[in-house]
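Peer 1:
Protein chains: 2
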Amino acid sequence: MPQAPRCFTPDNRILLGPGPSNCPPSVLQAMSSPMIGHLDPQFLKLMEEIQQLLRYLFQTRNLMTIPISGTGSAGMETCLVNLLEPGDTAVICRNGVFGNRMADVAERCGANVVTIDAPWGQIIEPIAINKKLASLHKVKLVGIVQAETSTGIHQPLQEIVKIVHEHDSMILVDAVTSLGGVDVKMDKWEIDAIYSGTQKCLSCPPGLAPISLNERAMDVVRNRKTKVQSWYLDLSMIGKYWGSERVYHHTAPISMIYALHEALRLIMEEGIDARVERHRQNALLLKERLHELGISFAAQEGFHLPTLNAIAIPEDVDDAAVRKTLLDEYGIEIGAGLGEFKGKVWRIGLMGFSSQKRNVFLLTEALKAILHL
Amino acid sequence: MPQAPRCFTPDNRILLGPGPSNCPPSVLQAMSSPMIGHLDPQFLKLMEEIQQLLRYLFQTRNLMTIPISGTGSAGMETCLVNLLEPGDTAVICRNGVFGNRMADVAERCGANVVTIDAPWGQIIEPIAINKKLASLHKVKLVGIVQAETSTGIHQPLQEIVKIVHEHDSMILVDAVTSLGGVDVKMDKWEIDAIYSGTQKCLSCPPGLAPISLNERAMDVVRNRKTKVQSWYLDLSMIGKYWGSERVYHHTAPISMIYALHEALRLIMEEGIDARVERHRQNALLLKERLHELGISFAAQEGFHLPTLNAIAIPEDVDDAAVRKTLLDEYGIEIGAGLGEFKGKVWRIGLMGFSSQKRNVFLLTEALKAILHL
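Sequences listed follow chains F and E, in order. Each step along the first sequence adds one to the number in this note's numbering, with nothing skipped, and position 165 is 165. For any residue, its number in this note's numbering is found by taking its place in the second sequence, counting from 1, and adding 1000.
(1) Output, in chain order, the set of chain E residues within a Cβ distance shorter than 8 Å of Thr151 (chain F).
(2) Name the one or two DSSP bridge partners that Asn1062 (chain E) has.
(3) For Leu172 (chain F), I'd like the list of residues in its chain whose CB is within less than 6 Å of its CB, leaving aside the five on either flank, ordered along the chain.
(4) In whole angstroms, give me the CA-to-CA distance for Ala312 (chain F) and Met351 (chain F).
(5) Is it the case that the stretch 292-312 of chain F contacts the stretch 147-154 of chain F, given that we only count it when at least three CB pairs across the two stretches are under 8 Å?
(6) On the three-state DSSP scale, how would you describe Ser212 (chain F)?
(7) Taking the DSSP output, what are the residues bridged to Ala1336 (chain E)?
(8) Distance, Cα to Cα, Glu1301 (chain E) vs Ala1274 (chain E)?
(9) Just the chain F side, please: which residues come within less than 8 Å of Gly1037 (chain E) by C-beta, in chain order?
(10) Check whether the Cβ of Ile1295 (chain E) lies closer than 7 Å to any heavy atom of the ligand SAM, and answer yes or no.
(11) Do we get a CB-CB distance below 8 Å when we pair Ser230 (chain F) with the residues of chain E?
(12) Measure how close the beta-carbons of Pro67 (chain F) and Ala209 (chain F) come, nearest whole angstrom, since I'm counting them as under 8 Å.
(13) For Tyr195 (chain F), does the three-state DSSP call read helix, strand or coil?
(14) I need the DSSP call for Ala252 (chain F), collapsed to helix, strand or coil.
(15) For Lys200 (chain F), count the other beta carbons within 10 Å of its own beta carbon; 16 or more makes it buried, fewer makes it exposed. Which is it?
(16) If the cut-off is 9 Å on Cβ atoms, which residues from the stretch 227-254 of chain F count as contacting chain E, listed in chain order?
(17) Would you give the residue range spanned by the beta strand (DSSP E) that Asp1234 (chain E) belongs to?
(18) Output needed in chain order: residues of the stretch 1102-1114 of chain E with a Cβ under 7 Å from some Cβ in chain F.
(19) In chain E, which residues lie with their C-beta within 7 Å of the C-beta of Cys23 (chain F)?
(20) How many Å lie between Ser1032 (chain E) and Asn1082 (chain E) at the Cα?
(21) Is the CB-CB distance between Leu293 (chain F) and Leu373 (chain F) below 8 Å?
(22) Which residue from E:Glu1269, E:Phe1341, E:Ile1163 puts its Cα closest to that of Gly1180 (chain E)?
(23) Can you give me the Cβ contacts of Arg289 (chain F) inside the same chain, cut-off strictly under 6 Å, excluding the 5 residues immediately before and after it?
(24) Using only CA atoms, which one of F:Gly37, F:Leu284, F:Asp328 lies nearest to Gln356 (chain F)?
(25) Taking Met1218 (chain E) and Met1076 (chain E) to be in contact with their CB atoms under 8 Å, please state how far apart those CB atoms are, rounded to whole angstroms.
(26) Bridge partners for Thr1089 (chain E) per DSSP, in chain order?
(27) Ends of the beta strand (DSSP E) at Ile1144 (chain E)?
(28) Would you call the CB atoms of Ile334 (chain F) and Leu16 (chain F) closer than 8 Å?
(29) Is there a Cβ from chain F that is less than 8 Å from the Cβ of Met1186 (chain E)?
(30) Quick one: measure Cβ to Cβ for Ile1050 (chain E) and His1250 (chain E), integer angstroms, because I've assumed they're closer than 8 Å.
(31) Is it buried or exposed, Thr226 (chain F), if we count other Cβ atoms within 10 angstroms and call 16 or more buried?
(32) For Pro1086 (chain E), which residues in the same chain have their Cβ closer than 8 Å to its Cβ, ignoring the five residues on either side in sequence?
(33) Whose CA, out of F:Lys138, F:Gln229, F:His165, lies closest to the CA of Glu1107 (chain E)?
(34) Going along chain F, which residues have a C-beta under 7 Å from Tyr1258 (chain E)?
(35) Check whether the Cβ atoms of Gly207 (chain F) and Gly1207 (chain E) sit closer than 8 Å, and answer yes or no.
(36) Can you tell me where the beta strand (DSSP E) holding Asp318 (chain F) begins and where it ends?
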């Protein structure tokens, strides 16, 4: 018989990359609570609380506000496969990895995908959307990323939502790296559909994707002509489990739901506005310190994400070697550049529980030492 | 500001339903280990060990042996969306909820689905498959459930695999309620593709779906003419993250992977044959005790699943009231009947860590007291 490997004991990392972020102790503790059934009355009550907490977080009253049983990308796919049918036209804004991903997923839905492209590190201009929508007939939805994790761009949304609605289309927002770290006001801004992930600014382990759809979006889901191509992500069936009917669909990821409940509880205790302000302050502190070291940001001035700071790798610096030293000698993880930004950019996440003054101090001092600045 | 709810503390349940089962203490402990990144060298090493452990569990040498980031149903969908293309013919065997589900998912892939139906609680006869395959032209795959959780049927597979291969088709096996509890010999039996879930006989929290595909199945995946309709479940992309390239696809559910590692480690320590024997012994004990109480089984004689025992609810007994008393007074969960078996059957799971003599004693004594037997 083969020999079983040893128990796994992860090192104590300070996670300042693009996610996952560090989890608060009570969230980790919740993960190890004993198992209960997915139809246990206790668990059904927990689901109700989760929905209320998610509505607080998204700042919405939408009934369809639930966590999908997969990571952020499963949340993206859930929104697209439920809202799009073959032959629909979707406009997708692309200025980084996650806009590209949205276009790829929408194409797999059989949609006619039209893209609006901006250079990496730049925002999507409202005027570009207005122009594109004016040139097209019957656009079902416009997809846009609020916080582009690959470039550190914080995309303004309010003007764009207005334009999309003037053209009688729906807006779908990627809030994976924004929710819980910067303002996301679903109802006030009139966002139709939104998705996020748990492992960024919620500081919950990866594995769930909170989503919310308003009544306009749900009408589209309810009036589909074709079945949703994904059984696992079919909202009409998932909705019956999360709704009052409690019809079994798939076994909910119980422990992840425990952790999400605790993470959302902590957010409500802190208060969403105070939390956003904390993220803003710590990002400002990082910016000041990096400025003193002569390190500049990669994203367009005025639109920097406080949760994900994309900075230009100084010249003549070995990208991988510096990241390895940070990890090996200081236990700090930061992110490499992706796609067009590969080798050019480091991505420093200050998300959720990782957004702490002490982490900013430690990281900038470590960089100073490694780079001999 | 709204008031945050209190921390959630689940009751101490004895889980003898259709899953989730109880988790061993060290698996729960693993869930609360600190977070690390999904590209951390430590995590990549953990992924390699997970694959080796899964190969031991499936008794296979298949390279493509990984956990999918979703529950068992996501594993089902992964196999079907990757193996089927629009217009392909798929034969799906239906004798319970999960065969029905497989047919539904296959239809959503645009396949031409032909079903072989047997009454609930009966096995699928090899001769029925032979007859159906002889009548059809070019069947790409045959889907069958090894352990039908809704009926307690243990489907023999070896003869059926031979027939399917004689007709030059592939076999896809649902091993959600069998893997780790009854024999599943992927390579010896020449199964082409298989999927399972973590929350049954592996006694790991729900949220991951171990799958394995042999080279024949992977050739089909590699030679597809169309893109896989699901981005999230696209094996060609997921394979690049789990393979030597380590290309980022989606953020792995880190804590769930910790737990799966520990659960698989415990299985290797126990030994798969000893584990199967334990499940068999405890199911026999349950059968003896229920026989003494005059309670009979719902599934076809000779094909009872040791992991999921579907028993006939005695006449004049209030189904829901008995289950409620078991839960409220004894902290024991058993499963209600689904579909055609609703109100007629109770489902008693003896899976993984829940498959213990003391649980059998307790449950049968509690039933005796509640039913005044």
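Every residue, glycine too, gets a C-beta built ideally from N, C-alpha and C.
Peer 2: Reading it off the structure:
(1) Near Thr151 (chain F) there are no residues of chain E at all, since even the closest Cβ is about 15 Å away, more than 8 Å.
(2) Paired residues: none, contrary to the question.
(3) Cys79, Leu141, Gly143, Ala193
(4) 20 Å
(5) yes
(6) strand
(7) E:Trp1346
(8) 24 Å
(9) Arg13, Leu15, Gly17, Pro20, Glu333
(10) The model depicted lacks the ligand SAM and carries no ligand whatsoever.
(11) yes
(12) 6 Å
(13) strand
(14) coil
(15) buried
(16) Lys227, Val228, Gln229, Ser230, Trp231, Tyr232, Leu233, Asp234, Tyr248, His249, His250, Thr251, Ala252, Pro253, Ile254
(17) Looking at the DSSP string, Asp1234 (chain E) is not in any beta strand (DSSP E), and its letter there is neither H nor E.
(18) Asp1104, Val1105, Arg1108
(19) Met1035
(20) 33 Å
(21) yes
(22) E:Glu1269
(23) Thr364
(24) F:Leu284
(25) Actually they do not touch by this definition, with Cβ atoms about 18 Å apart.
(26) E:Asn1112
(27) 1141-1145
(28) yes
(29) no
(30) That pair is no contact at about 16 Å.
(31) exposed
(32) Cys1109, Gly1110, Ala1111, Thr1226
(33) F:Gln229
(34) Phe8
(35) yes
(36) Neither: Asp318 (chain F) is in no beta strand (DSSP E) and is coded neither H nor E.
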